[in-house]
Amino acid sequence: MQSSQTPTLIPLPFASGGGKNTIPEASQLPGNPGGASYTDGFPPATRTPLVAGGVPPAGLDMNGILYTITQSTRWSHAGGLYGFSSSFASDVNVGGYPNGAELISADLQGTWISISDNNTDNPDTGPGTKWVPGRAYGITSITGLTNANVTLTPTQAAKNKITLSGALTGNIQIIMPAWTREWVVINNATGNFTITARTAGGTGVVLAAGQQKVTGDGTNIVQLPESIAPATQSQHAPQMGQVAGVVGSARNVAMNVTAASASATLTADEIVVETALGGVRYCLPIFSKTINLATTGAGGMDTGSAPTSGYVALYAIYNPTTAASALLAVNATSAAAPNVYGGANMPGGYTASALVSVWPTNASKQFIVGAQQDRLVFFGFTSALTTSTQQASATSASIAAVVPANARQVQGYSVITANAAANLFFSVSGSSASVGGMQASVSTNQVNAGISSPFSNIPLVTPQTLFYTATASAGTMSFSIVVSGYSF
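By our numbering, the letter at position 153 of the sequence shown is numbered 165, and the numbering carries on one by one without gaps.
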């Protein structure tokens, strides 16, 4: 067929203003031998010659038949659809709507598609298992939400966009049909509680404030990530890899331990966490969490117990589904801790993390006394080296007992003395080439005299290792390195 072959539109049903009978379903025999029915059509007598006892077809019945047919044709020509009819569906000659049938919704702003043969369910009132939305116009508004769950009617759920509002006084659920479709949900509710969109028999998702898409997979309500092209203009939505922020970036990180303890509280104005290096980033504002090394799980060790006289790395961890955050401690004594948690014991639901501290522990598996500001950790003066052996060239000294493998720079002081008048010299640096080093010298004519000098920002080119020189022109020399803090 071709578009030019469009049939003539029928503006008026046949015999609209004329006489006509309503055609019954049941046979009119034997009482009316010339009357038509949907069962018999015109009966045999109307096809028998009059001379042989036949009767003519009833003209009013013919008008009635053509009126009924052209009435439906006119409705279709005008683009009309039919709504659900319980009497039609339950008629023994129909037995319900077939799979694929499309009906107009009761509000006349959408359609329903049958997904079952012999379908007698009312699509506008439920239960919503044999009909699914076809086309729908408008927005469903659910207002007055407080602390009661709400089950959407099929008519409410048929709209592509749903708005939620109210002052929440408890966590609630919006129960949606188990359909395969997508909704745009706008959560305008207030109150420090959550709204979960789910199906009656499946799982769901917590709705964030504002507009979002949720998807029904036939069993559950899920929220799928959407891929977009890289942003090239300021008004474009960016990919997460384009979003500014480096894992572990933070402002005003602070942790103070005034007495050795298994517990401590770390605070920050905000912390950037990631699912992996270069992965999805989240910014955690107004962070204030307590860690207890005597427990495991969120707020404790990831597994096992804290090390004895070692180091623990602290991670800020985040669960994007519930928006929960916590601290997680990891034994960092034998190796440097990565910037994103890399162990196998992340608490359930937590997917993003960032290294925010590495702290020494004492013999009782407690945090030692100290203070942290951003990525600087300070503690009391602690001896890293004491020797009487002179070294004229840069010599390595392990400070693993004082700073962790994550330490990047150290601070402290050095002191050199001799038990005779002598020329004294020492240096402290980050490598055998004296990278980033400092030095001091003095000539003394007194016994047991010397010089002390502070150092800071000495780079640890080799992890947990300083390099030093120390010489005395006479007597027995004593040289010490004392550390009071590090950056990581």
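Cβ coordinates follow ideal geometry from the N, Cα and C atoms, glycine included.
Source: prediction; values computed, not measured.
With distances taken from CA atoms, which of the options is nearest residue i?
{"i": "residue 82", "options": "486, 230, 23, 347", "result": "23"}
{"i": "residue 258", "options": "131, 288, 177", "result": "288"}
{"i": "residue 20", "options": "450, 85, 499, 245", "result": "85"}
{"i": "residue 122", "options": "111, 166, 391", "result": "166"}
{"i": "residue 66", "options": "54, 73, 77, 76", "result": "54"}
{"i": "residue 481", "options": "439, 275, 112, 328", "result": "439"}
{"i": "residue 294", "options": "101, 119, 330", "result": "330"}
{"i": "residue 222", "options": "202, 232, 48", "result": "202"}
{"i": "residue 59", "options": "50, 45, 410", "result": "45"}
{"i": "residue 385", "options": "372, 375, 368", "result": "368"}
{"i": "residue 70", "options": "63, 64, 56", "result": "56"}
{"i": "residue 282", "options": "298, 332, 112", "result": "298"}
{"i": "residue 458", "options": "425, 436, 80", "result": "436"}
{"i": "residue 178", "options": "391, 441, 249, 198", "result": "198"}
Along the beta strand (DSSP E) that carries residue i, what are the first and last residues, could you check?
{"i": "residue 96", "result": "Looking at the DSSP string, residue 96 is not in any beta strand (DSSP E), and its letter there is neither H nor E."}
{"i": "residue 167", "result": "First-last for residue 167: 166-170, but that is the alpha helix (DSSP H), not the beta strand (DSSP E)."}
{"i": "residue 147", "result": "143-148"}
{"i": "residue 115", "result": "114-116"}
{"i": "residue 293", "result": "293-304"}
{"i": "residue 120", "result": "That residue, residue 120, is in no beta strand (DSSP E); it is neither H nor E in DSSP."}
{"i": "residue 210", "result": "207-211"}
{"i": "residue 493", "result": "489-499"}
{"i": "residue 240", "result": "Counting along the chain, residue 240 falls outside any beta strand (DSSP E), and DSSP gives it neither H nor E."}
{"i": "residue 341", "result": "336-343"}
{"i": "residue 103", "result": "Residue 103 -> no beta strand (DSSP E), and no H or E assigned at all."}
{"i": "residue 441", "result": "434-441"}
Given a cut-off of 7 Å on the beta-carbon distance, is the pair residue i and residue j in contact?
{"i": "residue 434", "j": "residue 485", "result": "yes"}
{"i": "residue 230", "j": "residue 170", "result": "no"}
{"i": "residue 195", "j": "residue 226", "result": "yes"}
{"i": "residue 313", "j": "residue 341", "result": "yes"}
{"i": "residue 268", "j": "residue 383", "result": "yes"}
{"i": "residue 96", "j": "residue 115", "result": "yes"}
{"i": "residue 348", "j": "residue 417", "result": "yes"}
{"i": "residue 233", "j": "residue 210", "result": "yes"}
{"i": "residue 409", "j": "residue 397", "result": "yes"}
{"i": "residue 491", "j": "residue 420", "result": "no"}
{"i": "residue 261", "j": "residue 279", "result": "no"}
When DSSP labels each residue in this structure, what does residue i get in the three-state scheme?
{"i": "residue 388", "result": "strand"}
{"i": "residue 218", "result": "strand"}
{"i": "residue 261", "result": "coil"}
{"i": "residue 410", "result": "strand"}
{"i": "residue 15", "result": "helix"}
{"i": "residue 450", "result": "strand"}
{"i": "residue 459", "result": "coil"}
{"i": "residue 57", "result": "helix"}
{"i": "residue 64", "result": "helix"}
So residue i and residue j are in contact, right, with Cβ under 8 Å, and what is the actual spacing, rounded?
{"i": "residue 154", "j": "residue 176", "result": "5 Å"}
{"i": "residue 423", "j": "residue 497", "result": "5 Å"}
{"i": "residue 206", "j": "residue 183", "result": "5 Å"}
{"i": "residue 309", "j": "residue 359", "result": "5 Å"}
{"i": "residue 124", "j": "residue 135", "result": "4 Å"}
{"i": "residue 33", "j": "residue 76", "result": "4 Å"}
{"i": "residue 494", "j": "residue 395", "result": "6 Å"}
{"i": "residue 185", "j": "residue 208", "result": "5 Å"}
{"i": "residue 73", "j": "residue 47", "result": "6 Å"}
{"i": "residue 479", "j": "residue 373", "result": "Wrong, their Cβ atoms sit about 27 Å apart, outside the cutoff."}
{"i": "residue 306", "j": "residue 274", "result": "5 Å"}
Which residue comes first and which comes last in the alpha helix (DSSP H) that contains residue i?
{"i": "residue 86", "result": "71-89"}
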